[in-house]
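Trainee:
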Amino acid sequence: MNGRLLSTRVAPLLRQRGLNRTRLLHSHVPNTAGGLLRPSGRLAPRRWPVGYNAIHHVPAVRSISFVRILPRIALKMARLPAMFGASMVAGFAYIQYQAAQAGTYAMDVLKRAGDQVSETSSALFGNAKEIAEQIGTGWQRTKDDTHLPEWLQQLFEKQQGSNDGSPGPEPPNKARIGAAAAASAAAIGADDSDERDVRAQAEIARDDQMMVLTRKMIEIRSILNTVGQGGALTLPSIVVIGSQSSGKSSVLEAIVGHEFLPKGSNMVTRRPIELTLVNTPDAKAEYGEFPALGLGKITDFSQIQRTLTDLNLAVPAEQCVTDDPIQLSIYSPNVPDLSMIDLPGYIQVSGKDQPPELKQKIADLCDKYIQAPNVILAISAADVDLANSTALRSSRRVDPRGERTIGVITKMDLVDPTRGLEVLTDRKYPLRLGYVGVVCKIPQTAGIFSRAGQNVTSAIVKNENAYFSSHPLEFGPQNEVSVGTTTLRHKLMHVLEQTMAASLAGTRDAIIQELEEATYEFKVQYNDRPLSAESYLAESLDSFKHSFKEFSEQFGRPQVRALLKEVLDQKVMDLLAKRYWNKPIEDLSKAPFEADPLADLPKADPGSLFWQRKLDASTSELTKLGVGRLATTVVASELQTHVNKLIEASTFAAHPYAQRAIIDASSSILNDRFYSTSDQVENCIKPFKFEIEVDNNEWSKGRQNIGQVLKNELKACDAAHKRLEDGIGYRKLKDVTGFIDRVRKGDVVLEGDGTGGAGGFSAALLEKGREAVFLRDRSELIKMRLLAVKSKQCANVKNKYYCPEVFLDVVADKLTSTAVLFLNVELLSEFYYNFPRELDIRLGRHLEAAEIERFAREDPRVRRHLDVIRRKEMLELVLEKIESLRQLEGRSKMGAGHGAGGASAAKDGSKGRWMFAKKYTEDHEWIEIDTDGVTGTIGITKYAAKALGEVVFVELPEIDLEVAKGDTIGAVESVKSASDILTPVSGKIVEHNKLLEEKPKTINDGPEGDGWIAKIEITNASELDTLMSKEEYDNYEKE
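Encoded structure:
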């Protein structure tokens, strides 16, 4: 805009206001950039004269020429060089804000597309929100701490004052002002120093040693919980108690950094939650595990929350609470090593859908867990008087002196800071461990900046720091009050470590006593016989396979032939009964006339078509009854029956799981071979369906065999008749059979069919009589046919129509011989070969450890044996860890007393974990003790590597090699010379550096790093005291 146009527009106003008035002109529209330049006062809105357009962002104008104000504008611009950069960043912030607005809209669209896209967008833009917040915080601190020039302070005051007037232009959009201010702060420089660890290196080292000790003691406690030998064998935990809605869950979630605890309106927490936090500094992922459920690693904490909710709601409504704990372990690089127990919250009044004794049940459950030596974390809300705190009242009952109670005051931001200070410094309810004030509220984010699935610890800490730092008079260091989640985490770590260490000696004595009892029981009851689930399964499987091998040697072709022939003989008897023999008597009607009775067969005409067709039909039916399927079914059933007998006679009889596996193995093999075998057998007997040739030897053998079969059938008939006679009585049976004979001959005529009784006999007795008559006639007929078979007429194969029994037996024998041949090849051999291998697959190589353990524990005797062994081994392991822990703690204290020369900790930056300082020998070897206090890494020093020159070969020690201090464990050869490697301490080699086999020159590149030689499990830790520290070795090297 040029001066002429401006003066033309401004002239009417100057004439109205006069020449001596100075007036600030303002924009009547919102400042879209949210800039820093704001007027010190606000004039009432005024319309421009008709015919003129509004002028925006015009500086102060006097009645004289516009040119006079240009030097002043230039001077202001020269004095504000930083404003130019701030404006640029403000523009960037505006763009970022617009991107956020667009992102919010995009989020609505993406939510309709699916939750997965929403989570991806949240992860993409989540950090941008935090950066903007950090920029805003940095700008505020910079503005407060930096001494600004007078003109800039006046500028800010004017800007502030422009927002205080009543009428005026529409105020700028607050969100846009905030974005621009944050961006300006970034230009000036925001530094988040609240979370910076400013402790001395020695203090950090001690804290890390404490974490190592705590982690190991928590590991010992977990092992003791699996032993389950009562309160004596345990280490303390931190028990969290508090009323419902006191913020108990928020405190735990702030420590973990995730929302994972069950939430709801109707008392969702119904079981104790044994929470074990494990710090994993080398890991990036965070996950949880339910050890008792075997669900594996769960990285989605919302799934952990749902699982906890389901497990709690599984408690019946009438019971409401139970002391059956839920075990949950959380692994994360962001959590401290802690062992905590979350209990249901105290209530004052039971709901109408809750049992009236619920309040007392919760109190009893909490009293059970807050007994010594557990540490009590009493949660109370700041807006509730401590005199009314149920958690403090309960803790005072079991800890009247407050020696193991930590008070946590939540919701500090809901009360006046002065009131908050009074609560934290309360003297009416003193606690030796003190009170900690927290604001565990998770800052809520909306739209595209959702924190779903992210760790919220840093956000909570920032929120807390913002609150507590805004009230320095109440919560500053001069008042010596403990505030913040970070402070609470450190306090919990220190208290738990000290409490565990204090109870370690008593626990050790109890473990020694329990170990002696377990050792005595193992010796007396089981004669020190070792047993494991794997060895028991292997022994049982070997024994079963040995039994199966014996069976396979005894069940071969002869046994299969006899089995199948017996079945076909019965089929022959069925055919004879169907086509030749008498039929059962169905009623009391007169017996029908038989034109060709079987008794007339020996005298029948040789050319009689009746008897020829009857024999041919019987033969056809025998060959077409499906011999292939019948034979395969009979043999497969017999094999399965024998397998079942082997199971009953083996140790697998007490193992349902193994029984199912064995039966499934045999069934699968038999089913796989069934159809192919039956088809093969059926194809091979097809010729017998059309023509059957019989020689004299076969006829003679069949004649002899059928005679025996008929005798067996005769015995069965006589036995059945005898049973009837014994059941009814000889005389009564004789009377009823006589009456039936007279009726069938026609001597007696019945009125009706006799179903209601006849001749003075009941219907049941008549039915028994008909059966007795049938058996009597069948016996007489079989006797007659036995005589016929033994006669000369049946001695010749040409008379086969006179002797159908003999011919059918010969046919059955031919079918049996043919079927057995293929059954042996197609079924038996395959089954005997594959069954043991299938057992190895189902009960051997592919079983997981949990399945093997479950199998072994199915037998009560084996379960008791394994329990004794496991108890003994676990107690020995715990005792070994306690001894190692005592040595580690002793070296830690020694290091604190001797400074850098002792066993103080030094951080290994390459691995991100803490290790104890190196010790050196006079032979120029070094050893570095790992955090477990037992394992040491051995190598040669830089001095030795330099003296050797280029290394060309390294001889590494063998794994599990046991050595004494000073023994040779390897050698290093270079282009100059060779030198032995001596172990600084006694122990067992557990690992060697395989990299040196391929790249021996690694020793020259990093002799005290990647060029380490071996790792040793130390057996005599006192030998470390004879070695040199780093300082001592440096002095020795100079000499």
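Just so you know, we're using UniProt numbering here: the sequence shown kicks off at 1 and counts up by one.
Ideal Cβ positions, reconstructed from N, Cα and C, are used throughout, including at glycine.
Just so we're clear, the structure is a prediction, and the values are computed from it rather than from any experiment.
1. For MET267, which of helix, strand or coil comes out of DSSP?
2. State the Cα-Cα distance for the pair PRO957 and ILE981, rounded to the nearest angstrom.
3. List the residues that DSSP assigns as beta-bridge partners of ASP385.
4. What runs of the alpha helix (DSSP H), each 4 residues or longer, lie entirely inside the region 448-492?
5. Can the beta-carbon of ASP809 be found closer than 9 Å to that of VAL572?
6. Would you grab the beta carbon distance between residue 1040 and ILE406 for me? Rounded to a whole angstrom, and I think it's under 8 Å.
7. Three or more C-beta pairs under 8 Å: does that hold for the region 962-972 against the region 1012-1026?
8. Which of helix, strand or coil does DSSP assign to HIS992?
9. With distances taken between CB atoms, is the gap from GLU925 to ILE940 smaller than 9 Å?
10. Would you decide whether HIS147 is buried or exposed? Buried here means 16 or more other CB atoms lie within 10 Å of its CB.
11. In the DSSP assignment, find the unbroken alpha helix (DSSP H) run with TYR657 in it and report its ends.
12. To the nearest angstrom, how far is it from the Cα of GLY933 to the Cα of ASN225?
13. Kindly indicate the opening and closing residues of the alpha helix (DSSP H) around ASP367.
14. I'd like to check one pair, ILE669 with ARG842: are the Cβ atoms closer than 9 Å?
15. If I'm right that SER535 touches PRO373 with Cβ under 8 Å, what's the distance once you round it to whole angstroms?
16. Classify HIS1029 as helix, strand or coil using the three-state DSSP reduction.
17. Please report the straight-line C-alpha distance between ARG270 and GLU853, rounded to a whole angstrom.
18. Once you ignore the five residues that flank VAL694 on each side, which residues in its own chain have a CB closer than 6 Å to its CB?
19. Under the assumption that LYS315 contacts ILE362 (Cβ atoms under 8 Å), give the Cβ distance between them as a whole number of angstroms.
20. Inspect the beta-carbon positions of SER249 and THR390 and report whether they are closer than 9 Å.
21. Buried or exposed, going by whether 16 or more other CB atoms sit within 10 Å of the CB of ILE959?
22. Identify, in the order they occur along the chain, each residue of the same chain with its Cβ nearer than 8 Å to the Cβ of LEU885, setting aside the five sequence neighbours on each side.
23. When you compare only the Cα positions, how much space is there between LYS441 and LEU839?
24. Could you tell me the alpha carbon to alpha carbon distance between TRP1012 and ARG673, rounded to whole angstroms?
25. Quick check on the burial criterion: 16 or more other C-beta atoms within 10 angstroms. Buried or exposed for ILE927?
26. Is the beta carbon of LYS689 closer than 9 Å to that of THR762?
27. Using 10 angstroms around the beta-carbon of SER482, count the other beta-carbons present and answer buried if the total reaches 16, otherwise exposed.
28. Quick one, are the C-beta atoms of THR485 and ILE460 less than 9 Å apart?
29. Return the CA-CA distance between ASP605 and GLN793, expressed in angstroms with no decimal places.
30. Nearest by alpha-carbon distance to ARG397: which of ALA381, ILE370, ARG419, GLN570 is it?
31. DSSP state of GLY178, grouped into three classes?
32. Taking the alpha-carbon of VAL972 as reference, which of LYS988, GLY987, PRO1000 has the nearest alpha-carbon?
33. Could you tell me the boundaries of the alpha helix (DSSP H) in which LEU733 lies?
34. Measure the alpha-carbon distance for PRO836 versus ASP813 and round it to whole angstroms.
35. Assess, as a yes-or-no matter, whether the region 516-529 is touched by the region 862-872 under the definition of 3 or more beta carbon pairs within less than 8 Å.
36. Can you look up GLU594 in the DSSP assignment and give me helix, strand or coil?
Mentor: Well, looking at it:
1. Taking the sequence shown and counting its residues from 1, the one referred to as residue 267 is at position 267. MET267: coil per DSSP, three-state reduction.
2. As a first step, residue 957 is located in the sequence shown; it is residue number 957 there, counting from the start. As a first step, residue 981 is located in the sequence shown; it is residue number 981 there, counting from the start. Rounded to whole angstroms, PRO957 to ILE981 spans 10 Å at the Cα level.
3. In the sequence shown, counting from the first residue as 1, residue 385 sits at position 385. Partner(s): none; ASP385 has no beta bridge.
4. 457-469, 472-475
5. Locating residue 809 in the sequence shown gives position 809, counting from the first residue. Locating residue 572 in the sequence shown gives position 572, counting from the first residue. A contact, by the Cβ cut-off of 9 Å.
6. Within the shown structure, residues of the chain are numbered from 1 to 1039, placing residue 1040 beyond reach of any answer.
7. Cβ pair count under 8 Å is three or more, so yes.
8. Here residue 992 corresponds to residue number 992 of the sequence shown, with the count starting at 1. The answer is strand: DSSP assigns HIS992 an E or B state.
9. Taking the sequence shown and counting its residues from 1, one reaches residue 925 at position 925. Taking the sequence shown and counting its residues from 1, one reaches residue 940 at position 940. In contact: GLU925 and ILE940 (Cβ atoms closer than 9 Å).
10. Position 147 of the sequence shown holds residue 147. Interpretation of HIS147 is limited by its pLDDT of 44, a score under 50 that renders its predicted location unreliable; the figure taken from the coordinates is listed afterwards. Exposure of HIS147 is indicated by the presence of fewer than 16 other C-beta atoms within 10 angstroms of its C-beta.
11. Here residue 657 refers to the residue found at position 657 of the sequence shown. 656-684 is the extent of the alpha helix (DSSP H) around TYR657.
12. Reading the sequence shown from its first residue, position 933 is the one you call residue 933. Reading the sequence shown from its first residue, position 225 is the one you call residue 225. A direct Cα-Cα distance of roughly 23 Å separates GLY933 from ASN225.
13. For this step, residue 367 is matched to residue 367 along the sequence shown. Counting along the chain, the alpha helix (DSSP H) containing ASP367 begins and ends at 358-369.
14. Position 842 of the sequence shown, counted from the first residue, corresponds to residue 842. Position 669 of the sequence shown, counted from the first residue, corresponds to residue 669. No, Cβ-Cβ distance for ARG842 and ILE669 is not below 9 Å.
15. Stepping through the sequence shown from its first residue, residue 535 is reached at position 535. Stepping through the sequence shown from its first residue, residue 373 is reached at position 373. Actually they do not touch by this definition, with Cβ atoms about 39 Å apart.
16. Your numbering for residue 1029 matches position 1029 in the sequence shown. At residue 1029 the sequence reads Ser, which differs from the His that was named. Reduced to three states, the DSSP call for SER1029 is coil.
17. Mapped onto the sequence shown, residue 270 falls at position 270. Mapped onto the sequence shown, residue 853 falls at position 853. Going from the Cα of ARG270 to the Cα of GLU853 covers about 31 Å.
18. Numbered from its first residue, the sequence shown carries residue 694 at position 694. Result list for VAL694: VAL797, VAL810, in chain order.
19. Translated into the one-based positions of the sequence shown, residue 315 becomes position 315. Translated into the one-based positions of the sequence shown, residue 362 becomes position 362. A small fix is needed here, since residue 315 is Val in this sequence, not Lys. At roughly 13 Å, the Cβ-Cβ gap does not stay under 8 Å, so VAL315 and ILE362 are not in contact.
20. The count along the sequence shown starts at 1 and reaches residue 249 at position 249. The count along the sequence shown starts at 1 and reaches residue 390 at position 390. No, the pair does not count as a contact, with Cβ atoms beyond the cut-off.
21. Counted from its first residue, the sequence shown places residue 959 at position 959. By the neighbour-count rule (16 or more Cβ atoms within 10 Å), ILE959 is not buried but exposed.
22. Indexing the sequence shown from 1 puts residue 885 at position 885. Result list for LEU885: LEU213, LYS216, MET217, ILE220, LEU504, GLY933, in chain order.
23. Reading the sequence shown from its first residue, position 441 is the one you call residue 441. Reading the sequence shown from its first residue, position 839 is the one you call residue 839. Taking the straight line from one Cα to the other gives about 58 Å.
24. As a first step, residue 1012 must be located in the sequence shown, where it is residue number 1012. As a first step, residue 673 must be located in the sequence shown, where it is residue number 673. Each residue's alpha carbon lies about 60 Å from the other.
25. To locate residue 927, count along the sequence shown from 1; it is residue 927. By the neighbour-count rule (16 or more Cβ atoms within 10 Å), ILE927 is buried.
26. Position 762 of the sequence shown, counted from the start, is the residue given in the question as residue 762. Position 689 of the sequence shown, counted from the start, is the residue given in the question as residue 689. The sequence shown places Ser at residue 762, not Thr. For SER762 and LYS689, no; Cβs fall outside 9 Å.
27. Here residue 482 refers to the residue found at position 482 when the sequence shown is read from its first residue. Its Cβ being crowded by 16 or more others within 10 Å, SER482 is buried.
28. To locate residue 485, count along the sequence shown from 1; it is residue 485. To locate residue 460, count along the sequence shown from 1; it is residue 460. With a cutoff of 9 Å on beta-carbon distance, THR485 and ILE460 are scored as near each other.
29. Position 605 of the sequence shown, counted from the first residue, corresponds to residue 605. Position 793 of the sequence shown, counted from the first residue, corresponds to residue 793. One C-alpha to the other measures close to 13 Å.
30. Counting from one through the sequence shown, the residue named residue 397 turns up at place 397. The shortest Cα separation from ARG397 among ALA381, ILE370, ARG419, GLN570 belongs to ILE370.
31. Here residue 178 is taken as the residue at index 178 of the sequence shown, counted from 1. With a pLDDT of 40 at GLY178, under the threshold of 50, the modelled position of that residue is not reliable, and no figure is offered here.
32. Translated into positions along the sequence shown, residue 972 becomes position 972. Out of LYS988, GLY987, PRO1000, PRO1000 has the C-alpha closest to the C-alpha of VAL972.
33. As a working mapping, residue 733 is identified with position 733 in the sequence shown. Segment 730-745, the alpha helix (DSSP H) holding LEU733.
34. Position 836 of the sequence shown, counting from 1, holds the residue named residue 836. Position 813 of the sequence shown, counting from 1, holds the residue named residue 813. Those two C-alpha atoms are separated by around 33 Å.
35. yes
36. For the purposes of this step, residue 594 is taken as residue 594 along the sequence shown, with counting starting at 1. Looking at GLU594 - three-state DSSP - the assignment turns out to be coil, as it is neither helix nor strand.
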